[in-house]
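Sequential numbering from 36 applies to the sequence shown in the numbering used here. A short write-up of the structure that comes next.
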Amino acid sequence: MICVAIALTGCATSQPATARSRHFAFEQDTFAYPNELVWEYHFDQRGKWVHQRREPNPDYTHHCFVVARAAKQFFQNARFDPAQPKADTKTCRRLIRKVVATSPRNELPDGKKIVIPGYASLRELSQAQEKLLQANCGGAWRSYFQRGHWRMIWPFSRHHQQKTAETLAAEIKRNRAPVVHLVRFPGLSINHAVVLFDATATEKEILFAAYDPNSPDKPATLTYDRTARVFSFPTNFYFPGGRVDVYEIYRGCCY
């Protein structure tokens, strides 16, 4: 009965009330490299969404949750200081691992944030230290075993999606950067994580700006339709476009 109650309530947790002093900046707080895909996707001549294996095999795949989580950890728990000399490889590795070892569910106070010397931002660090970051931010298994995955198998009511949209917009207003799971279950036409960092509300919809680990060159847009109470994600090189179910991860004990 306890397990059922937890599942039905979604492990409800209170959200932090305090606001961060700085807004998530796409040009600074994202990785310069992408999470690569094993498959290439496209519409065939009949309009069917098809895929084929990418050749040659890419080196860095199945890390979308890892990259999204790490971006949030660096945003919350690290501080970049370009005035200091760059650290040697051993020290840089230790600092990266120290950031990744912090909880993405909690933010360190300013005095305890991990200082990354010699770089102005995560974007700059990842341009210079791509392989070091890829090797130390976590393995692909973290994408498969993210603790909130249990939620995708339960139905998403329109009320749930409405409350999710409202909560996410409120978090972003407090300069937080929620990570969300985009999913269609059981078909899994999409099973992906993105970081939300801006929200523009109109009478009809809320447009969420998103950092997509698969596409680091520009922000993506996650749209919430207020009337239908449905989220949608646009057509891109890995998703045919359309409705997605959304819930926040890396928050509370169950996600």
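Where is the CB? At the ideal position from N, CA and C, for every residue including glycine.
Annotation: the segment 214-253 contains the following complete segments of the beta strand (DSSP E) (minimum length 3 residues), in chain order: 214-218, 226-236, 240-247. Per DSSP, reduced to three states, the secondary structure at residue 78 is strand.
Residue 106 is a Cβ neighbour of residue 66, given a cutoff of 8 Å. A residue is called buried once 16 or more other Cβ atoms fall within 10 Å of its Cβ, and residue 254 is buried on that count.
In the three-state scheme derived from DSSP, where H, G and I count as helix and E and B as strand, residue 167 is classed as helix. Residue 271 and residue 76 have their alpha carbons spaced roughly 9 Å apart. In this chain, the beta strand (DSSP E) harbouring residue 150 covers 149-152.
In the structure shown, the three-state DSSP call for residue 87 is strand.
Linking residue 204 to residue 156 through their CA atoms gives a straight-line distance of about 25 Å.
Per DSSP, residue 100 is one residue of the alpha helix (DSSP H) stretching across 99-112. Excluding the 5 residues flanking it on each side, residue 115 has same chain C-beta neighbours closer than 6 Å at 151, 154, 155, 156, in chain order.
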